[in-house]
Each structure stands twice: as C-alpha cells, then as structure tokens.
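Participant: Numbering (the numbering used here), first residue to last: 10 to 450.
Backbone N, C-alpha and C fix where the C-beta goes; we use that ideal spot for every residue, glycine too.
1. Three-state secondary structure (DSSP) at residue 71?
2. Taking just the CA atoms, how far does residue 137 sit from residue 432?
3. Report the CB separation of residue 147 from residue 203 in whole angstroms; it is logged as a contact under 8 Å.
4. Can you tell me whether residue 29 is helix, strand or coil according to DSSP?
5. Given a threshold of 16 other Cβ atoms within 10 Å of its Cβ, counted over all protein chains shown, does residue 132 qualify as buried or as exposed?
6. Which two residues bound the contiguous alpha helix (DSSP H) that contains residue 300?
7. For residue 190, count neighbouring Cβ atoms within 10 angstroms of its own Cβ and tell me buried if that reaches 16, exposed if not.
8. Taking DSSP as the reference, what is the three-state secondary structure of residue 427?
9. Go through its chain and collect everything with a Cβ distance to residue 230's Cβ below 8 Å, but skip five positions before and after it.
10. Tell me the DSSP secondary structure of residue 156 in three-state form.
11. Opposite residue 11 in the DSSP bridges: which residues?
12. Per DSSP, which one or two residues make a beta bridge with residue 315?
13. With distances taken between CB atoms, is the gap from residue 367 to residue 340 smaller than 8 Å?
14. Could you pull out every unbroken alpha helix (DSSP H) segment of at least 4 residues lying fully inside the segment 242 to 298, listed in chain order?
15. Please classify residue 85: does DSSP put it in a helix, a strand, or coil?
16. Are residue 372 and residue 349 close, meaning C-beta to C-beta below 8 Å?
17. Relative to the C-alpha of residue 21, which residue among 409, 305 and 242 is closest?
18. Can you check the segment 158 to 210 for any alpha helix (DSSP H) of at least 4 residues that lies completely inside it and give the ranges in chain order?
19. How far does the beta strand (DSSP E) with residue 364 in it reach, from first residue to last?
20. Around the C-beta of residue 151, are 16 or more other C-beta atoms found within 10 angstroms, so that it is buried, or is it exposed?
21. On the three-state DSSP scale, how would you describe residue 398?
22. Please classify residue 335: does DSSP put it in a helix, a strand, or coil?
23. Taking the beta carbon of residue 450 as the centre, do at least 16 other beta carbons fall within 10 Å, making it buried, or is it exposed?
24. Just the Cα atoms here: how many angstroms apart are residue 447 and residue 224?
25. Is residue 62 near residue 50, with beta carbons less than 8 Å apart?
26. What would DSSP say about residue 445, mapped onto helix, strand or coil?
27. Considering only the alpha carbon of each residue, which of 10, 144 and 64 lies closest to residue 41?
28. Looking at residue 104 and residue 57, is the spacing between their C-beta atoms short of 8 Å?
29. Considering residue 135, what are the terminal residues of the alpha helix (DSSP H) in which it resides?
30. With distances taken between CB atoms, is the gap from residue 88 to residue 113 smaller than 8 Å?
31. At which residues does the alpha helix (DSSP H) containing residue 231 begin and terminate?
32. So, with DSSP's three-state summary, where would you put residue 79?
33. Can you give the Cα-Cα distance for residue 111 and residue 253, rounded to whole angstroms?
34. In the DSSP assignment, find the alpha helix (DSSP H) that holds residue 417 and state where it starts and stops.
35. Taking the Cβ atom as the reference point for each residue, do residue 240 and residue 335 lie within a distance shorter than 8 Å?
36. If you compare alpha carbons, which of 302, 376 and 186 is closest to residue 285?
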C-alpha cells in the first residue's frame, strides 16, 4: 500500500537512490532501524497499551507498512474506546482514545504531502485526542496561538488539583522534533511535568503536526516569532505565572526552542534534549536516514533539492547563542548520529547566561538505550527536575555533567571554554605513558 506518489519519492535523489536500502534495513531490523520509534510512541500511553504498540515491530517490514499497521491498531483502540464510553467506563475510554490519537499521529509520519489520507488521519488524531481530554485525569484544553495571521494548534494541560494552588503556576512550552506532534508530548496520566506542579502548553510549531495540514510551513528565518506568540498566549492565562514560563524542546525541537529563547527574553529558562545544533543539519541530512530529507521537504513546503538546501543553509545557532541569558540546559548522547558533539560545545561556549550540559557517554540520539542512560539520571526525569528547580527560583551555576557508562555523574564548573575531544575516552595522552587509561568506562 504505497502512501506517497512515486514522483514524490523521486524529488530527492538521495531518498530515491536509497529507498531499496531503506526497505531492506526495515525488513532486517524492524521499524526502529535508526531510532526507537515504537518506544517513544508507546512512552506516553497507559501501561495497558504499550505491548500492542511495541508489537507492531513484528508487522512493519517496509516503509509503506507503517501507516497501514498503525491505522489498524488506532482504529481498534478508537472503536474499543467508544464501546467503553457507552458502558460508562470513562477512564478506560479515555486511555483507549489517547492511544488511538498517538497511533494516528504516528501513521502520518511516512506521508510527505497533504494527501486525502493524511488529512483524514489528522482529523482522526484530533477527534480521538478530544475524546481523551473529556475523560482525562487533569484539565486539557485546545489552544490556538496567533501567528502571522494564522493560528498554531496546541493543547494546554493543567496539573491535577491545580484549583488548590496558592498562586499561579509555572508553565512549560513543550515542542517535539521533526517526527513528533503535540499529542505525544504529555503522558496520558502521571506526566512528569504535571506531577511537579507545572502547567504545559504542547504546541505544533510551523512545519509540525497540525500546522502541516494547514500549510503553515517551517521557515528558519521567522521561527523566533513563535517564541513571542507562545509566551503571550500562556502568560495571559490567569492560571500561569508570567515570570515562570519556560521552554523545552526535544531533538529538532532543541533548535526551535533555542530560536524562541533567543527572540523572546521573557522566558525564565530553556531546556534542550537530544541536541540538533549542526549548521544546516549537515549530519542529519548528509549521512542519516534519507527519510529526514523527505520529511523536511514536506515541513518547509519545498519541492526540490536546491530549494531545500537554501532553507537549511540558514539553520545555525551561530547568531542565537549570544542572545540567550536565561538558564539553559542541553542534553545529548556522545555517539549521537544526528549531531556532532563539537557543535553543541561551541554553542554552549557562546551562551552568556548560566548553562549546563548533561552529556551521556556512548549514548545515541536519545540517551536511553545504553548503560549511561539506563543506569544514570533518567533523561526526561532529570529535565523535569531541572525545570522544576528553575521554577522554584534555584540559581544555576554554569556546569558540565558527564554521565559515564556505569551511570555515575561527574559534575565540574563550566569554566572558560570547553571542547569535545574526538576519540574520548581513549585520550591519546593516556596511550603514551606508563599509567593506565583514564577513560570514563
């Protein structure tokens, strides 16, 4: 079942040339050949739904299988949820509809145009999430954020028991990455940010999720305006403390929230996970899976390679770093195949405000699969705690924290400048003397 016209695949020569290799990789290694897709899609759903989503690894054997298999499971949960609601089982119905919404969103990922199917899937995702919100264990409201004469779709979440708060709450403006969408960013229940007493606005920025179907494309030169628009949308709410609105961005969202932080100084803090700070996304678009280039063509509304290269050529943190004076966190895995660690170090060296790098030795793009991530600070928990500390007014002193392969954290002051040593922990200096190696193993 092809989900894209053949000509759409051929607009990027690299994707066209490597499509057969892409399908071979999926056949051999499953749908998580380059990222933990099923794991991050299953993360926010209830425990009762995780097994079914992870089980899709057995039936997805090529790129075109993604949409069919995810839609089939989404439809199953959607219909089951409707039955649960008729039976008066509100909580069960809500969980089913949440899982269905996430799966409908996941089914959209391999579709690189606003086809009839993609538009229908967008509506199904929204309908199911709306049904989830009606029975959620906390308040969830749809939000439209004004942006350049249009609006960006979001969901605003308030923690359970927010009515008993003694004052307005801190709020996190949360963005996912290129492959993400707003409905997957907040857990169905027991969300990390909500449990810490923070409200959340999860947003589809230009080129993401609902914005794609609305043809609101990503433009690197104008994204900073999203920062002001999102800030003013939440700061105007009576439940939110305008002095404690913070940013959090995952993967490509790390670059987007950095653009927002540089453009809007009223944010109280900014956290970035799985950093994407290579100029022009050179590593991602040059040597990673060819799906990234196709996805980004769709996100930017471009139709050819030259137009794409012109867009990505302006994507750099070089002009942003020095504008960030708020507390700033970056989290990355050392062996990230999508970002050169040296670019993250260069960026942080130029950030004048208090900053921290949480650096996981030997970890992938999402540092959750090797021993540093499994035994060390749980990434998303560490970030939620960091944001909660900033919301509580705890000061941040610039520092560098390395999580070694045994999960031990080594924290040092940032100092003047820091640089990544390629080949670490095999420091060449330790190989020339008589002493043992000193790597973080």
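Facilitator: Let's see:
1. Looking at residue 71 - three-state DSSP - the assignment turns out to be coil, as it is neither helix nor strand.
2. Straight across, the Cα-Cα distance linking residue 432 with residue 137 is about 48 Å.
3. Indeed, because the Cβ distance is near 6 Å, the residues count as touching under 8 Å.
4. Helix.
5. In summary, residue 132 is exposed, with fewer than 16 beta-carbon neighbours lying within 10 Å of its beta-carbon over all protein chains present.
6. Per DSSP, residue 300 belongs to the alpha helix (DSSP H) from 300 to 309.
7. By the Cβ-count criterion, residue 190 is buried, with 16 or more other Cβ atoms from all chains shown falling within 10 Å of its own Cβ.
8. Correct three-state label for residue 427: coil.
9. A distance below 8 Å between beta-carbons, with the five flanking residues on each side excluded, links residue 230 to the following residues of its chain, in chain order: 323.
10. If DSSP states are grouped into helix, strand and coil, residue 156 belongs with the strands.
11. Residue 11 pairs with nothing; no bridge assigned.
12. For residue 315, which the question treats as bridged, DSSP gives no partner whatsoever.
13. Contact: yes.
14. Listed in chain order, the complete alpha helix (DSSP H) runs (minimum 4 residues) inside the segment 242 to 298 are 261 to 272 and 291 to 296.
15. Looking at residue 85 - three-state DSSP - the assignment turns out to be helix.
16. Going by C-beta atoms, residue 372 is not nearer than 8 Å to residue 349.
17. With distances taken between Cα atoms, residue 21 lies closest to 305.
18. For the segment 158 to 210, the full-length alpha helix (DSSP H) segments reaching 4 residues or more read 201 to 204 along the chain.
19. Start and end: 364 to 369.
20. In summary, residue 151 is exposed, with fewer than 16 beta-carbon neighbours lying within 10 Å of its beta-carbon over all protein chains present.
21. Correct three-state label for residue 398: helix.
22. Of the three classes helix, strand and coil, the one that applies to residue 335 here is coil, per DSSP.
23. For residue 450, the pLDDT reaches just 41, beneath the cut-off of 50, and the residue's location in the model is therefore unreliable, leaving the point undetermined.
24. Bear in mind that a pLDDT of 40 at residue 447, under 50, signals an unreliable position, so the number given afterwards is only what the model happens to contain. If you take the alpha carbons of residue 447 and residue 224, they lie about 53 Å apart.
25. Yes, Cβ-Cβ distance for residue 62 and residue 50 is below 8 Å.
26. Reliability of the predicted coordinates at residue 445 is poor, the pLDDT of 40 falling under 50, and no value is obtained from them.
27. Shortest Cα-Cα distance from residue 41 to any of 10, 144 and 64 involves 64.
28. Closer than 8 Å, so yes.
29. Residue range 125 to 144 is occupied by the alpha helix (DSSP H) that includes residue 135.
30. Not a contact, by the Cβ cut-off of 8 Å.
31. Note, residue 231: premise wrong, no alpha helix (DSSP H); not H, not E.
32. Reduced to three states, the DSSP call for residue 79 is helix.
33. Our two residues, residue 111 and residue 253, have alpha carbons roughly 29 Å apart in a direct line.
34. Counting along the chain, residue 417 falls outside any alpha helix (DSSP H), and DSSP gives it neither H nor E.
35. No Cβ-Cβ contact shorter than 8 Å links residue 240 with residue 335.
36. It is 186.
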